[in-house]
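Here is the structure we will look at, set down as structure tokens.
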Amino acid sequence: SLYVSEYFSQSAQKLSFYSWYGNAKLFHFHVPEDTVLLRWLLQASRGKGPECTSMEITVHFRHGAPPVINPLGTRFPANATVRPSYNISITLSSAVQNTTFVNVTTPAAGDWFIAAHLPEAAGRIEVKGFSTPCPYMFQADMFVLRLTDMPVLEPGVPMPHTVVSPAKPLHVKVFVPKHASGMQFQLSSCVTSEQRACNVRVLLGSITLPQSFQRSLTCTGSTNCSLALDSPPWEKWLQIMVESLGTANASVSLEMLASFTVCRPGSASSFLNFISLNQSQAGARPGAAGSSAPAAGEAPRNVSGRRSSCLQSQPVVREDLDVVSVRYRLLNGPSVPVSSLSPTVLLLNLNTGMDSGGSLVVNLLLNKTSVSLANATVVACLSAASPVLSLNATRNCSTAFSQGYPLSVSTSSGEAMLIVLYPQTDDWFLSLQLLCPRGQGDCSSAEAKVTVFAYLTPCFNDCGPYGQCSLLRRHGYLYAGCSCKAGWGGWSCTDDTKAQTVGAQNLATLLLTLSNLMFLPAIAVAVYRYYLVEASVYTYTMFFSTFYHACDQPGVAVMCIMDYDTLQYCDFLGSVVSIWVTILCMARVKKILKYVLFVLGTLLIAMSLQLDRRGVWNMMGPCLFALVIMVTAWVHHGAKRRHCYPSSWKRWVFYLLPGITLAFIAISVYAFMETNENYYYTHSIWHVLVACSVAFLLPPRDKHKKPWAWSQKLTCRYQICQNDREELYAVT
1 SLYVSEYFSQ SAQKLSFYSW YGNAKLFHFH VPEDTVLLRW LLQASRGKGP ECTSMEITVH
61 FRHGAPPVIN PLGTRFPANA TVRPSYNISI TLSSAVQNTT FVNVTTPAAG DWFIAAHLPE
121 AAGRIEVKGF STPCPYMFQA DMFVLRLTDM PVLEPGVPMP HTVVSPAKPL HVKVFVPKHA
181 SGMQFQLSSC VTSEQRACNV RVLLGSITLP QSFQRSLTCT GSTNCSLALD SPPWEKWLQI
241 MVESLGTANA SVSLEMLASF TVCRPGSASS FLNFISLNQS QAGARPGAAG SSAPAAGEAP
301 RNVSGRRSSC LQSQPVVRED LDVVSVRYRL LNGPSVPVSS LSPTVLLLNL NTGMDSGGSL
361 VVNLLLNKTS VSLANATVVA CLSAASPVLS LNATRNCSTA FSQGYPLSVS TSSGEAMLIV
421 LYPQTDDWFL SLQLLCPRGQ GDCSSAEAKV TVFAYLTPCF NDCGPYGQCS LLRRHGYLYA
481 GCSCKAGWGG WSCTDDTKAQ TVGAQNLATL LLTLSNLMFL PAIAVAVYRY YLVEASVYTY
541 TMFFSTFYHA CDQPGVAVMC IMDYDTLQYC DFLGSVVSIW VTILCMARVK KILKYVLFVL
601 GTLLIAMSLQ LDRRGVWNMM GPCLFALVIM VTAWVHHGAK RRHCYPSSWK RWVFYLLPGI
661 TLAFIAISVY AFMETNENYY YTHSIWHVLV ACSVAFLLPP RDKHKKPWAW SQKLTCRYQI
721 CQNDREELYA VT
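Using full-length UniProt numbering, you'd call the opening residue of the sequence shown number 1 and step up by one each time.
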């Protein structure tokens with residue numbers, strides 16, 4: 001045999017601490033056909049700085065779809081099917097880099113996904129630039145060993161083979177036809193080179209993660225052995241591996257035979273389905289009314305056809321609505337007839353390669369008036385690759401190499417729903433059959449009408465009122481995830497274990513919005529001291545900060561007067577400009593220079609916020625530059641007057657020192673104390689402290705200006721006007 005090795009690599013990704021599925025870094029690979037060995041090379045590394053500590057990286061694997069993970073231990077939505085993912089842990093302790101290998105023999109061909117993430121996020125809100133997070137990098141590479149000339153086992157034809165040694169197992173494959181209800185594998189004429197009874201092990205099927213249903217057959221001391229499989233995967237290659245369990249020098253000669261039992265499906269005429277499809281899309285046309293007569297004539301033959309067929313196929317149309325959004329429509333109407341003679345099968349096509357990133361929802365509704373027998377039950381099974389055809393004999397809902405998802409409806413419970421999270425890429429089949437209780441009439445003539453609603457959606461229920469459905473991308477692959485808010489959690493934001501009550505949400509909104517009213521004293525002080533430009537900036541900041549936080553709330557207490565991004569930008573701009581004009585006002589520079597700095601600084605701040613809105617230097621840069629200007633001006637004033645500036649000790653004790661203290665406390669709360677849980681009151685404290693510090697730090701008014709006094713402005717007597725700033729010159 002000729003083996004070919006292939007290597008696939010993807011770029012490294014920076015890992016994140018886990019709070020929702022978007023924090024997990026996804027890797028998407030495609031394993032080719034006839035692969036006999038798959039090896040993952042997992043490389044994890046971290047930075048070398050002092051902020052880097054020991055860390056545990058969790059890596060999840062899955063075949064056919066992204067892995068469904070739950071690191072936080074939250075609840076999934078009701079009726080959702082969850083099977084634990086296969087995962088390993090990689091620890092980065094003293095070593096800067098860790099390399100791990102994961103081997104998978106006879107892997108299933110198709111899409112394979114790897115998801116990696118760090119432990120749960122701490123929840124602290126970090127200001128960008130105040131701290132340097134440690135970079136944790138992860139890269140996954142894939143090695144495959146593929147057999148180029150794998151022998152093909154033809155159905156019904158015995159094929160002799162030889163297993164050379166235990167170190168070189170024999171690999172063959174057989175193609176499973178459509179509508180195969182069973183497979184019989186036989187091993188005969190099995191002898192060793194020493195003419196003794198063989199000792200071999202046969203593995204049928206491929207390994208899939210997180211669960212593998214590979215079937216094993218051990219032949220020890222017997223020349224013949226066989227294995228029967230129910231519902232093998234339709235229209236797929238089935239790998240068979242035979243390995244010797246004897247001595248190293250003895251070869252094994254054997255003969256293999258694979259035979260299939262193919263059932264005869266019963267369905268309506270394809271021509272009639274085509275006519276009904278055209279009528280449902282374009283409406284009735286002249287001359288199309290006569291097409292209903294053959295359909296009525298087909299009814300007796302369909303009833304008799306049920307007795308001779310193993311399944312009844314119902315035509316289903318796949319209608320693509322959007323990205324990871326599909327609706328399935330039955331051509332013969334939403335209701336399908338279900339009997340006890342043979343299962344009714346619906347094909348749900350999910351094999352495009354881009355359907356595995358959403359949620360498959362199947363809803364069954366029983367028409368109770370259509371059931372002629374009391375206590376009758378309609379059992380259903382949703383399975384991939386092949387349908388379950390033995391619902392009346394067993395109700396375990398399993399096929400040859402997979403485990404399906406069971407449903408049931410009855411007269412007592414007429415509705416059932418099933419949610420498959422991240423369904424694997426394959427053809428999915430929904431099998432329905434009527435089960436009658438014993439001793440209650442003729443079950444063969446009974447029939448039930450079941451309405452089937454099936455669709456693929458990016459996020460189930462659009463993540464609910466406390467979540468946001470986000471479309472994620474890894475190269476060309478798209479998948480969806482829910483980002484929860486207001487303390488809600490879970491896959492679809494349905495876990496209310498830590499959810500905020502409506503009262504807590506209203507309290508948070510009131511604190512974050514009404515705390516901005518503390519700017520009113522600062523505005524009053526600025527107006528009283530003739531700092532009208534500064535008062536206008538504080539009014540602008542108070543207005544947009546109030547309505548930004550009213551729009552930024554995660555719960556139901558939300559009010560947005562304009563676009564969220566606009567409100568956020570105006571809030572950030574007003575906050576930084578308020579600090580800028582306050583410090584420049586304290587510098588007591590000439591008015592013309594002060595207003596030039598006001599305008600020029602505001603323009604530069606607007607530009608920097610557009611580049612990086614959350615960067616720490618967008619706030620620290622203007623603050624430091626304004627402080628340099630203020631200190632320079634104060635030194636100039638002090639040298640000119642030959643004493644400390646400001647000269648009044650009362651100004652220092654009762655105004656400057658309290659204002660500076662409040663500002664430092666506000667910065668400390670903003671930079672080091674805010675978390676997701678305490679944000680609503682720590683950020684409210686930030687509002688109050690900053691507004692109060694502005695009221696303390698504003699300098700007194702100019703000496704030549706008199707205070708606002710309406711008695712002096714509104715007068716009815718003559719006044720002597722003088723202008724101290726103008727001089728008259730005689731021109732000769």
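For every residue, glycine included, the Cβ atom is placed at its ideal position computed from N, Cα and C.
Backbone secondary structure at residue i - three-state DSSP
i                 : result
glutamine 312     : strand
tyrosine 729      : In this prediction, tyrosine 729 has a pLDDT of 40, which is less than 50 and means its spatial position is unreliable; what the coordinates show is noted afterwards. If DSSP states are grouped into helix, strand and coil, tyrosine 729 belongs with coil.
methionine 559    : coil
phenylalanine 213 : coil
methionine 150    : coil
glutamate 56      : strand
cysteine 623      : helix
alanine 228       : strand
asparagine 70     : coil
tryptophan 428    : strand
leucine 238       : strand
glutamine 403     : strand
serine 19         : coil
tyrosine 528      : helix
alanine 140       : strand
Counterpart residues of residue i in DSSP-defined beta bridges
i              : result
arginine 473   : Leu478
isoleucine 419 : Ala80 and Val361
glutamate 243  : Arg201
leucine 124    : Checking the sequence shown, residue 124 turns out to be arginine, not leucine. In the DSSP output, where bridge partners are listed per residue, arginine 124 has Thr675.
lysine 168     : Ser165
proline 160    : Glu255
Supposed close pair residue i, residue j - CB separation, criterion 8 angstroms
i              : j                : result
valine 68      : tyrosine 422     : 6 angstroms
glycine 104    : lysine 48        : The sequence shown places valine at residue 104, not glycine. Actually they do not touch by this definition, with Cβ atoms about 33 angstroms apart.
residue 738    : valine 102       : Outside the shown range of the chain, which is 1 to 732, sits residue 738, and nothing can be said about it.
leucine 698    : alanine 526      : 6 angstroms
methionine 619 : isoleucine 583   : The Cβ separation is near 12 angstroms, so there is no contact.
leucine 365    : glutamate 415    : 5 angstroms
leucine 432    : alanine 380      : 5 angstroms
alanine 633    : valine 596       : 14 angstroms between Cβ atoms; not a contact.
alanine 384    : aspartate 355    : Actually they do not touch by this definition, with Cβ atoms about 12 angstroms apart.
leucine 346    : leucine 456      : Going by Cβ atoms, the distance from leucine 346 to leucine 456 rounds to 14 angstroms, so no, they are not a contact pair.
tyrosine 136   : isoleucine 207   : Contact flag wrong, Cβ pair sits at about 29 angstroms.
threonine 541  : serine 575       : 6 angstroms
threonine 399  : lysine 368       : The Cβ separation is near 30 angstroms, so there is no contact.
leucine 209    : phenylalanine 61 : 5 angstroms
serine 470     : glycine 22       : 6 angstroms
6 angstroms Cβ shell around residue i - same chain, five flanking residues per side excluded
i                 : result
valine 669        : Thr682, Ile685 and Trp686
phenylalanine 453 : Asn363
isoleucine 240    : Val172 and Leu204
glutamate 255     : Pro158, Pro160, Ser188 and Ser189
valine 409        : Leu364, Leu366, Val378 and Ala416
valine 323        : Leu478
tyrosine 405      : Thr81, Leu382 and Leu418
methionine 559    : Ala550
residue 740       : The structure shown has nothing for residue 740, since the chain only spans 1 to 732.
Same chain only: Cβ atoms within 7 angstroms of residue i, ignoring 5 sequence neighbours per side
i                : result
valine 59        : Leu42, Asn87, Ile88, Ile90, Ile114 and Ala116
glutamate 33     : Ala109 and Trp237
phenylalanine 76 : Val82, Gly490 and Trp491
Top-ranked residue by Cα proximity to residue i, from the options
i             : options                           : result
leucine 389   : Leu382, Leu311, Gly358 and Ser413 : Leu311
valine 537    : Thr509, Val581, Ala486 and Pro177 : Val581
leucine 511   : His179, Asn678 and Pro169         : Asn678
glutamate 674 : Ser93, Lys25 and Ile125           : Ile125
leucine 2     : His179, Ser85, Phe8 and Lys168    : Lys168
leucine 227   : Trp234, Arg215 and Glu235         : Arg215
serine 94     : Met542, Glu6 and Ala44            : Ala44
alanine 180   : Phe138, Ser231, Cys198 and Gly156 : Ser231
lysine 591    : Val502, Ala639 and Arg701         : Arg701
Distance cut-off 7 angstroms: residue i Cβ against heavy atoms of the ligand SAM
i           : result
glycine 555 : Ligands in the displayed structure: none, and consequently the ligand SAM is not present.
Same chain, Cβ closer than 8 angstroms to residue i, five either side skipped, listed in chain order
i                 : result
glutamine 568     : Tyr548, Asp552 and Arg613
proline 162       : Reading off the sequence, residue 162 comes out as threonine, not proline. The answer, listed in chain order, is Leu170, Ser251, Val252, Ser253 and Leu254.
phenylalanine 598 : Val533, Trp580, Val581 and Leu584
serine 309        : Cys263, Arg264, Pro265, Gly266 and Ser342
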